[in-house]
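> Okay, handing you the structure first.
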Amino acid sequence: MRDLDAYRDADTVRGLAGRIAATVNRPWTLMEVCGGQTHAILGFGLDHLLPPSLSLIHGPGCPVCVTPVAIVDQAVALARRPAVTLCTFGDMLRVPGSEGDLLAARAAGGAVHMVYSPLDALDYARRQPDRQVVFFAVGFETTAPASALAVRQALRLGVDNFTLLVAHVRVPPALETLLAAPGNRVQGLLAAGHVCAVMGYEEYEPVAERFRTPIVVTGFEPVDILSGVLVCVEQLERGEYPVVNAYGRAVTRAGNRTARRLLEEVFRPVDRAWRGMGTIPAGGLELTPGFRRFDAIERFGTSVSPHVEPDRCHSGEVLTGRLDPRACPAFGRECTPEHPLGATMVSSEGACAAYYRYRHVQ
Amino acid sequence: MSSDPTFAPGCPLPAAGYALTVMAHGGGGRLMQQLLDRLIRPALDNPWLAQRHDAAVIECGGVRLAFTTDAYVVKPLFFPGGDIGKLAACGTLNDLAVAGARPLFLSAALVIEEGFPLADLKTVLTSLNAAARAAGTAVVTGDTKVVERGKGDGLYIATSGIGVIDHPQRIGPRAIRADDAVLVSGDLGRHGVAVLAAREGLGFETTVQSDCADLSALVMDLIAAGHELHCLRDLTRGGLAAALVELARDAGVDIEVDDAAIPVAPGVRAASGILGLDPLHLANEGRMVLFVPPAQADATLARLRGHPLGREAARIGVVRGGRGGVRSRSAYGTFRVIDLPSGEQLPRIC
Chain W
1 MRDLDAYRDA DTVRGLAGRI AATVNRPWTL MEVCGGQTHA ILGFGLDHLL
51 PPSLSLIHGP GCPVCVTPVA IVDQAVALAR RPAVTLCTFG DMLRVPGSEG
101 DLLAARAAGG AVHMVYSPLD ALDYARRQPD RQVVFFAVGF ETTAPASALA
151 VRQALRLGVD NFTLLVAHVR VPPALETLLA APGNRVQGLL AAGHVCAVMG
201 YEEYEPVAER FRTPIVVTGF EPVDILSGVL VCVEQLERGE YPVVNAYGRA
251 VTRAGNRTAR RLLEEVFRPV DRAWRGMGTI PAGGLELTPG FRRFDAIERF
301 GTSVSPHVEP DRCHSGEVLT GRLDPRACPA FGRECTPEHP LGATMVSSEG
351 ACAAYYRYRH VQ
Chain C
363 MSSDPTFAPG CPLPAAGYAL TVMAHGGGGR LMQQLLDRLI RPALDNPWLA
413 QRHDAAVIEC GGVRLAFTTD AYVVKPLFFP GGDIGKLAAC GTLNDLAVAG
463 ARPLFLSAAL VIEEGFPLAD LKTVLTSLNA AARAAGTAVV TGDTKVVERG
513 KGDGLYIATS GIGVIDHPQR IGPRAIRADD AVLVSGDLGR HGVAVLAARE
563 GLGFETTVQS DCADLSALVM DLIAAGHELH CLRDLTRGGL AAALVELARD
613 AGVDIEVDDA AIPVAPGVRA ASGILGLDPL HLANEGRMVL FVPPAQADAT
663 LARLRGHPLG REAARIGVVR GGRGGVRSRS AYGTFRVIDL PSGEQLPRIC
């Protein structure tokens with residue numbers, strides 16, 4: 001852990017903040033893509049170390065937050081079926097669907113089981129052959145390889161009581177949608193380091209070129225984040241827009257080839273609705289035909305109608321950086337972590353949750 | 363969780379939109395606070411409960427007694443550094459200790475699930491007895507019930523304790539003053555990490571042991587040495603964060619802590635980082651926070667560090683006049699709000 005301490009070192013952080021201040025000559029607006037970065041920025045107060053002309057806005061990189069209500073409703077409906085056990089990550093348990101969250105479904109008698117990995121859900125299915133085990137597969141390219149591995153093992157082992165409710169999403173199409181949106185304010189992007197650890201950053205190069213926007217692969221500790229900010233403002237001040245890797249200790253240009261091959265074998269891109277952002281072309285993943293029989297929707301059918309987001313939740317504007325969570329009329333009033341109107345207030349990576357947790361004074 | 367229009371404002375149910383109990387109602391966070399404040403305290407309201415301390419202090423024939431009770435539900439029952447028996451003794455002894463009471467007697471009620479191995483029961487009771495005896499007390503009364511298989515997690519234990527306050531200090535939230543120094547008796551989060559790591563399915567190994575320990579000897583030592591103690595609180599579910607938030611609110615003060623001064627063992631910090639948990643929210647079972655007059659803080663810290671249970675003690679912050687908030691100062695000079703966790707700590711996705 002001496003390693004981790006080095007990436008939080010106070011002198012290094014102050015030094016980087018000084019270099020950023022000395023580099024910035026004009027106002028710039030950067031977006032950190034990942035909710036983990038947002039939480040680190042607010043938790044460590046890194047935004048308060050930056051010059052006033054440099055704004056950070058918080059991106060859509062929280063897989064829980066962008067999962068549409070309709071898919072949460074499907075998970076709740078599956079959990080209520082007597083023969084089904086729904087397995088998912090802890091983060092998903094409190095995300096409100098239109099008729100309650102998964103914790104409430106469990107309290108009402110549904111079988112909901114928290115797991116730490118899709119492989120745990122597969123193990124659970126093998127130990128409970130009389131039950132249909134559905135893994136609610138949420139996450140970016142970071143977690144999708146583990147889901148792919150679980151499905152491939154299920155095929156190899158002939159486990160036929162295991163399926164995925166696939167809600168995996170892809171980052172690059174969402175960034176293109178953001179940058180192409182009318183009124184986009186984002187001038188530079190801090191890309192999510194862990195997504196790039198899997199996928200590499202080749203696929204970001206055409207995006208940076210097309211939108212003339214520098215993209216810097218950035219980590220999650222204070223030193224990592226400020227290093228990413230520094231590289232990004234250096235590019236902006238120079239008028240250049242390359243993709244730069246500022247997280248070299250974890251990321252290579254090609255990423256993790258094994259994980260990428262596995263992803264390509266099991267999943268393929270599909271148009272997917274993102275909560276608050278509408279349908280994003282190729283913004284999600286679906287099982288390839290060879291693995292389609294592990295799709296929970298195929299096996300059980302859809303049982304819920306598409307849901308319209310409540311007007312009071314402005315998570316779409318928050319997720320696209322157009323609204324500061326504190327400026328939302330519901331923030332801290334009708335919308336709190338205990339009574340969330342939307343997932344951005346629930347998830348441990350949601351921007352509203354970050355402001356509520358680190359900045360809100362009741 | 364949309365709000366249900368059939369429930370008028372001010373109605374105690376449902377807490378935060380839930381009409382049924384959810385696990386987070388027992389998680390030591392804000393949902394649990396709401397359950398206590400809106401349903402449990404109003405239903406049982408009386409002046410002793412209103413002291414809002416870990417143990418109720420009762421005047422009886424000129425003697426001040428402290429009385430407390432606690433139920434122990436832990437999975438797994440055996441974890442690195444202890445078991446449910448040791449936990450059931452130490453937790454109740456600690457609730458007495460932080461009221462400034464010398465423990466006298468304990469009770470224990472056992473709820474045993476059909477099929478639970480008697481050899482395990484014997485091991486647990488041996489631990490319970492050993493911890494009680496080490497504190498100079500004994501389990502003098504109890505009850506045993508057996509429930510059907512599948513209706514309990516092997517074994518639940520509820521213990522109560524009674525102690526005597528044989529000194530004039532009045533230790534509790536009301537005695538907290540502006541400028542008080544805030545100390546912790548040791549490093550944080552060990553119990554939470556040890557139990558998580560021992561749980562099936564987490565798939566990580568750690569050498570972290572639970573901090574499960576009886577603090578009464580440490581508290582009695584401070585009092586005997588003449589240290590003025592304004593308030594003590596043992597840190598359990600919800601961790602240091604929950605204790606500070608509750609005390610700031612109950613005492614009507616602000617509390618400011620220094621992030622870099624809060625002791626967290628490297629193994630705990632590493633596990634927290636991997637799982638996305640905040641060490642300040644992790645459970646402890648043998649640590650307390652102390653509020654003492656500033657002029658005496660260094661002496662109290664030295665006394666704590668001289669005791670086997672206080673070697674990692676640290677001075678972590680200060681009390682300010684204010685409105686009941688808690689904030690922490692980072693090594694970079696920036697501040698963040700410290701708040702209750704919402705419910706259970708849920709490991710994140712990525």
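Keeping their order, the protein sequence lines are chains W and C. Positions 1 to 362 (the working numbering) are the ones given, in order, by the first sequence. Positions 363 to 712 (the working numbering) are the ones given, in order, by the second sequence. By construction, the Cβ of each residue, glycine as well, lies at the ideal position given by its N, Cα and C atoms.
#1: Nearest-angstrom Cα distance between V508/C and E476/C?
#2: Determine which residues of the region 345–357 of chain W have a Cβ less than 7 Å from any Cβ of chain C, and write them out in chain order.
#3: So, for R667/C: in the same chain, excluding its five sequence neighbours on each side, which residues have a beta-carbon less than 7 Å away from its beta-carbon?
#4: Once DSSP output is grouped into helix, strand and coil, what is the label at F211/W?
#5: For the alpha helix (DSSP H) that contains G447/C, what are its first and last residues?
#6: Using a Cβ-Cβ cut-off of less than 8 Å, give me the residues of the region 30–62 of chain W that come near chain C, in sequence order.
#7: Is there at least one Cβ from chain W nearer than 8 Å to V607/C's Cβ?
#8: Using only alpha-carbon positions, find the residue among R253/W, I225/W, G43/W that is nearest to E32/W.
#9: Who pairs with N161/W in a beta bridge, going by DSSP?
#10: Using a Cβ-Cβ cutoff of less than 8 Å, which residues in the same chain neighbour L550/C once the five nearest sequence positions on both sides are dropped?
#11: Less than 8 Å between CB atoms is the rule here; does E205/W satisfy it with respect to chain C?
#12: Which residues mark the beginning and the end of the alpha helix (DSSP H) in which M199/W is found?
#13: Given a limit of 8 Å on CB to CB distance, which residues of the region 384–396 of chain C reach chain W?
#14: Just the C-alpha distance for R665/C and A191/W, rounded to the nearest angstrom, thanks.
#15: Tell me, please, whether the CB atom of E440/W is closer than 8 Å to any CB atom in chain C?
#16: Would you say V217/W lies against chain C (beta-carbon separation less than 8 Å)?
#17: Can the beta-carbon of F135/W be found closer than 8 Å to that of L164/W?
#18: Taking only runs that begin and end inside the region 80–104 of chain W, name each unbroken beta strand (DSSP E) of 3 or more residues, in chain order.
#19: Beta-carbon separation of T454/C and L472/C under 8 Å?
#20: Identify every run of the alpha helix (DSSP H) within the region 208–265 of chain W, keeping only runs that are complete inside it and at least 4 residues long; order them along the chain.
#21: Could you check if E298/W is buried or exposed, using at least 16 other CB atoms within 10 Å of its CB as the buried criterion?
#22: Please decide whether A104/W counts as near chain C, where near means a Cβ-Cβ distance under 8 Å.
#23: For the alpha helix (DSSP H) containing K484/C, list its first residue and its last residue.
#24: Less than 8 Å between CB atoms is the rule here; does V435/C satisfy it with respect to chain W?
#25: According to DSSP, simplified to helix, strand and coil, what is R185/W?
#26: Kindly say whether A10/W, judged by its beta-carbon, lies nearer than 8 Å to any beta-carbon of chain C.
#27: Would you report the Cα separation of D5/W and G290/W, rounded to the nearest angstrom?
#28: Grouping DSSP H, G and I as helix and E and B as strand, with all else coil, what is Q531/C?
#29: I'd like to know whether the C-beta of V13/W is nearer than 8 Å to at least one C-beta of chain C.
#30: Could you name the residues of chain W that V699/C contacts, counting a contact when the two beta carbons are closer than 8 Å?
#31: Closest Cβ-Cβ distance between T696/C and chain W: below 8 Å?
#32: Distance cutoff 8 Å, beta carbons only. Does L382/C sit that close to anything in chain W?
#33: For C574/C, which of helix, strand or coil comes out of DSSP?
#34: Nearest to A540/C by CA position, among R403/C, V681/C, V546/C, is which residue?
#35: Would A661/C count as contacting chain W if we go by Cβ distances under 8 Å?
#36: How far does the beta strand (DSSP E) with Q132/W in it reach, from first residue to last?
Reading from the atomic positions:
#1: 6 Å
#2: S348, E349, R357
#3: R673, A675
#4: helix
#5: 446–459
#6: G36, L42, G43, F44, G45, L46, H48, L49
#7: no
#8: I225/W
#9: Bridge partners of N161/W: none, in fact.
#10: L597, G601, L602, I624, P625, V626, V630, P641, L642, L644, N646, R649
#11: no
#12: 193–199
#13: V384, M385, A386, R392, L393, Q396
#14: 50 Å
#15: With chain W covering 1 to 362 only, the question about residue 440/W has no answer from this structure.
#16: no
#17: yes
#18: 84–88
#19: no
#20: 222–238
#21: exposed
#22: yes
#23: 480–496
#24: no
#25: coil
#26: yes
#27: 46 Å
#28: coil
#29: yes
#30: R357, Y358, R359, H360, V361
#31: yes
#32: yes
#33: coil
#34: V681/C
#35: no
#36: 132–139
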